[in-house]
Structure formats: structure tokens, C-alpha cells
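Take a look at the structure set out below.
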């Protein structure tokens with residue numbers, strides 16, 4: 004269709020979830036929309052920068068640098084416009100991936116609920132009555148997630164070490180049984 008109407012702009016809306024697919028579509032259309040993919044995986048933009056624009060990997064900001072910048076913005080939005088913490092938290096849910104991400108999301112939800120419960124009680128209660136800044140709430144969630152992640156990694160390595168010890172014990176028992184059988188013969 005784009006070839007039949009070269010005077011018109013054609014932009015693909017959605018369904019693009021890899022940098023390779025975006026590049027392939029850009030060979031045939033004028034643009035691609037990637038909103039949902041970026042909402043689910045904000046680091047997809049850095050993948051596009053590397054793949055399409057040949058950005059070196061070291062040009063991609065670290066997660067914590069992005070988080071720090073966002074938290075300054077969020078604290079400003081809350082203090083100036085009384086923006087709700089739950090609304091400010093939405094962009095953060097996809098920031099971390101894997102087990103650490105799951106722990107972060109769980110801890111952020113818990114920290115937000117705690118912050119809400121510690122607000123000053125008054126007849127004219129507003130979101131601006133939180134006693135802690137949004138950045139403090141998120142920092143607590145990050146700290147808790149990192150702690151959980153480290154503990155689960157430590158437990159996993161302990162389990163693997165114990166499993167290796169168990170395997171060694173099983174190997175010894177099998178060897179002992181073989182020797183006993185040979186002696187009996």
C-alpha cells in the first residue's frame with residue numbers, strides 16, 4: 004500500500020517487539036509505533052539505539068542512573084502538583100527484570116501501602132500529606148529487593164553446594180555397594 008501511495012506516510016501501529024522486526028518494517032513503511040513494548044520493557048529503546056543507530060553499549064545509561072533521574076522528577080511532580088504516589092510508581096514497575104524485578108514490584112507495592120498508612124490523618128487529607136518523599140519510598144523498595152535477591156542467590160548457591168555434597172555422598176555409597184558386591188563374589 005505504501006508503494007501505491009508514495010505521497011502518504013504509513014506508520015505501523017504495534018506488534019513490533021524486537022529491534023530486528025522494527026528495522027525490517029522500516030524498510031517498507033515510514034515508521035513503527037512501539038509504545039506497548041516500551042511500557043513493558045523500557046530498555047527496548049536502548050536495544051533500538053544499539054541496533055538501528057549503532058550506539059555503543061556503554062552509551063546506554065545504567066538502571067540506577069535512570070531511576071535517580073526519574074525520582075528527582077517524581078519528587079518535583081509530587082511537591083508541585085500533588086501527583087499521587089501510585090501514579091508516579093507506574094513507570095517504575097517495568098524498570099527491573101527477572102527475580103529482582105519481581106521482588107522490586109512486590110516491595111514497591113508494600114512500601115507504597117506503608118507510606119499511605121503513615122499519612123497524617125485529618126479531615127482534609129490529601130496526597131501531599133505523606134510524611135516521606137516518593138524517592139524515599141522507592142529507595143526502600145530497591146533496597147529490600149536487592150536484599151531479597153542477594154539472599155535468594157545465597158540460598159541457591161547453598162542448595163547447589165548441598166546438592167553437590169549429596170551427589171558426592173551418593174557416589175560414595177554406590178562405590179561402597181559395588182565394592183561390597185565384588186567382595187561377596
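Residue numbers (the numbering used here): 4 to 188.
Note that the Cβ used here is the ideal one computed from N, Cα and C, for glycine as well.
Being a predicted model, the structure only gives us computed values, none of them experimental.
In the displayed model, residue 15 falls within a strand according to three-state DSSP. Across the set 135, 183, 105 and 116, the C-alpha of 105 shows the shortest separation from the C-alpha of residue 150.
The beta carbon of residue 36 sits closer than 8 Å to those of 14, 15, 16, 17 and 19, all from its chain and outside the five residues before and after it, given in chain order. For residue 36, the uninterrupted beta strand (DSSP E) segment begins and ends at 34 to 36. Boundaries cannot be given for residue 86, as no alpha helix (DSSP H) includes it and DSSP labels it neither H nor E. Counted as a single uninterrupted DSSP element, the alpha helix (DSSP H) harbouring residue 114 occupies residues 101 to 120.
Short of 6 Å from the beta carbon of residue 52, and not among the five residues preceding or following it, lie these beta carbons of its own chain, in chain order: 58.
When the beta-carbon positions are compared, residue 137 and residue 96 stay at least 7 Å from each other. Note that the C-beta distance between residue 99 and residue 144 is not below 7 Å. With a beta-carbon spacing of about 7 Å, residue 94 and residue 73 fall inside the 8 Å limit used to define contacts.
Annotation: the region 20 to 56 contains the following complete segments of the alpha helix (DSSP H) (minimum length 4 residues), in chain order: 22 to 29, 38 to 43 and 47 to 55.
In the three-state reduction of the DSSP assignment, residue 7 falls in the coil class, being assigned neither a helical nor a strand state. Taking 8 Å as the upper bound for CB-CB distance, residue 5 and residue 32 are in contact here, some 6 Å apart.
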